[in-house]
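Chains as they are written, first to last, in this note's numbering: chain A, 92 to 204; chain B, 41 to 155.
All residues carry an ideal CB built from backbone N, CA and C; glycine is no exception.
Just so you know, these numbers come straight off a predicted model, no measurement behind them.
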Amino acid sequence: AQSVAQPEDQVNVAEGNPLTVKCTYSVSGNPYLFWYVQYPNRGLQFLLKYITGDNLVKGSYGFEAEFNKSQTSFHLKKPSALVSDSALYFCAVRDSNDYKLSFGAGTTVTVRA
Amino acid sequence: GAVVSQHPSWVICKSGTSVKIECRSLDFQATTMFWYRQFPKQSLMLMATSNEGSKATYEQGVEKDKFLINHASLTLSTLTVTSAHPEDSSFYICSARRGGEDTQYFGPGTRLTVL
């Protein structure tokens, strides 16, 4: 079984401040981890993924995420948030042996001007 | 690129009618397509996985006779909600995966409202 936890329903930050969205996971095999962003009434846009290799992954729009195996975490970060980053963010995991993704509940990010 | 489209983007239908939603991979061949359902302010729930030319694999609790999935080509999958009822109203999202790749690319979603 695999699962994802996003402990924060909402994250509020001021524009220009660092943004962190937390994610922890549980998977039986090697984890494949993904971050997606969703704008209102739209599908999900792929931000970044960790499969193997360097624990720090850089993705689209200045986002990055750090894979921490010991803490089973994959937190999403952005050094300087923009108002346009306000959206719903989903963390997802799959096992290396299965293509099915399990999603977290989502975190709503609001960046105030 | 990896662009996935869905049609229609929204649909309103009467209770008891059937609705077909199309999912297309526009610039790649999709080995596998996935269908999700999303309720307001909730996460995505996987409904089924479909591979081109074979029967879809449904998740537990999803009625295969109610949600018919056809994956007739490497660029097209369809979801038909048969005899729709108001409780079927939801946001349906498809995704597609290229062969040999790990990432799923998502369509823009279809808002279904059953009156």
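Residues in the same chain with beta-carbon distance under 6 Å from A/L179, minus the five sequence neighbours each way, listed in chain order, please. Taking the first residue of the first sequence as 1, we reach residue 179 of chain A at position 88. Excluding positions up to five away in sequence, the list reads Q129, G197 and T199.
Any idea what DSSP makes of A/P122, helix, strand or coil? Taking the first residue of the first sequence as position 1, residue 122 of chain A is located at position 31. Under the three-state reduction of DSSP output, A/P122 falls in the strand class.
Sub-7 Å separation of A/K169 and A/F154 beta-carbons: For the purposes of this step, residue 169 of chain A is taken as residue 78 along the first sequence, with counting starting at 1. For the purposes of this step, residue 154 of chain A is taken as residue 63 along the first sequence, with counting starting at 1. Contact: yes.
Helix, strand or coil for A/S161? Go by DSSP, reduced to three states. On the first sequence, residue 161 of chain A is found 70 positions in, with the first residue counted as 1. The answer is coil: DSSP assigns A/S161 none of H, G, I, E or B.
Go ahead and label A/L135 buried or exposed: buried means 16 or more other beta carbons lie within 10 angstroms of its beta carbon, across all protein chains shown. What you label residue 135 of chain A is simply residue 44 of the first sequence in a count that begins at 1. Its Cβ being crowded by 16 or more others within 10 Å, A/L135 is buried.
Using a cut-off of 8 Å between C-beta atoms, extract the partners of B/S83 located in chain A. As a working mapping, residue 83 of chain B is identified with position 43 in the second sequence. Those within 8 Å of B/S83 in chain A are F181, F194, G195, A196 and G197.
Buried or exposed: which applies to B/P48, given that a residue is buried once 16 or more other Cβ atoms fall within 10 Å of its Cβ? Locating residue 48 of chain B in the second sequence gives position 8, where the first residue counts as 1. It is exposed - the Cβ of B/P48 has fewer than 16 other Cβ atoms within 10 Å.
Member of A/C114, A/I142, A/F125 and A/P98 whose CA lies at the smallest distance from the CA of A/S187: Within the first sequence, residue 187 of chain A is the residue found at index 96, counting from 1. Checking every option, the nearest Cα to that of A/S187 belongs to A/I142.
Looking at C-alpha atoms only, which residue of A/Y152, A/S175, A/S171 and A/G144 is the closest neighbour of A/K160? By one-based count along the first sequence, residue 160 of chain A stands at place 69. The residue with the shortest Cα to Cα distance from A/K160 is A/G144.
What residues of chain A sit near B/L6, judged by a beta carbon separation below 9 Å? Here chain B covers residues 41 to 155 and nothing more, so residue 6 of chain B does not appear.
For the pair the segment 55-71 of chain B and the segment 127-140 of chain B, tell me if three or more CB-CB distances fall below 8 Å. yes
Please classify B/V44: does DSSP put it in a helix, a strand, or coil? Start at 1 with the first residue of the second sequence, and residue 44 of chain B comes out as number 4. In the structure shown, B/V44 sits in a strand (DSSP, three-state: E or B).
Counting only C-beta atoms, is B/P148 closer than 7 Å to chain A at any point? Position 108 of the second sequence, counted from the first residue, corresponds to residue 148 of chain B. Interface residue, yes.
Whole angstroms are fine: how far does the CA of A/N108 sit from the CA of A/S171? For the purposes of this step, residue 171 of chain A is identified with residue 80 of the first sequence, where counting begins at 1. For the purposes of this step, residue 108 of chain A is identified with residue 17 of the first sequence, where counting begins at 1. Whole-angstrom Cα-Cα distance: 5 Å.
Taking just the CA atoms, how far does B/K104 sit from B/F79? Here residue 79 of chain B refers to the residue found at position 39 of the second sequence. Here residue 104 of chain B refers to the residue found at position 64 of the second sequence. Going from the Cα of B/F79 to the Cα of B/K104 covers about 19 Å.
How about B/S65 and B/S90: do their beta carbons lie closer than 7 Å? By 1-based counting over the second sequence, the position of residue 65 of chain B is 25. By 1-based counting over the second sequence, the position of residue 90 of chain B is 50. Going by C-beta atoms, B/S65 is not nearer than 7 Å to B/S90.
Between B/T122 and A/L147, what straight-line distance do the alpha-carbon atoms span, to the nearest angstrom? As a first step, residue 122 of chain B must be located in the second sequence, where it is residue number 82. As a first step, residue 147 of chain A must be located in the first sequence, where it is residue number 56. Computed Cα separation, rounded: 45 Å.
B/Q78 - partner residues in DSSP beta bridges: The count along the second sequence starts at 1 and reaches residue 78 of chain B at position 38. Note: B/Q78 sits in a beta bridge opposite B/L84 and B/F131.
Whole-angstrom Cβ separation of B/L119 and B/I52, contact assumed at under 8 Å? Mapped onto the second sequence, residue 119 of chain B falls at position 79. Mapped onto the second sequence, residue 52 of chain B falls at position 12. That belief does not hold up - the Cβ atoms of B/L119 and B/I52 are roughly 17 Å apart, past 8 Å.
Going along chain D, which residues have a C-beta under 8 Å from B/R138? Absent from the structure is chain D; the protein chains it does hold are A and B.
Specify, as a first and last residue, the run of the beta strand (DSSP E) that A/Q97 falls within. Reading the first sequence from its first residue, position 6 is the one you call residue 97 of chain A. Counting along the chain, A/Q97 falls outside any beta strand (DSSP E), and DSSP gives it neither H nor E.
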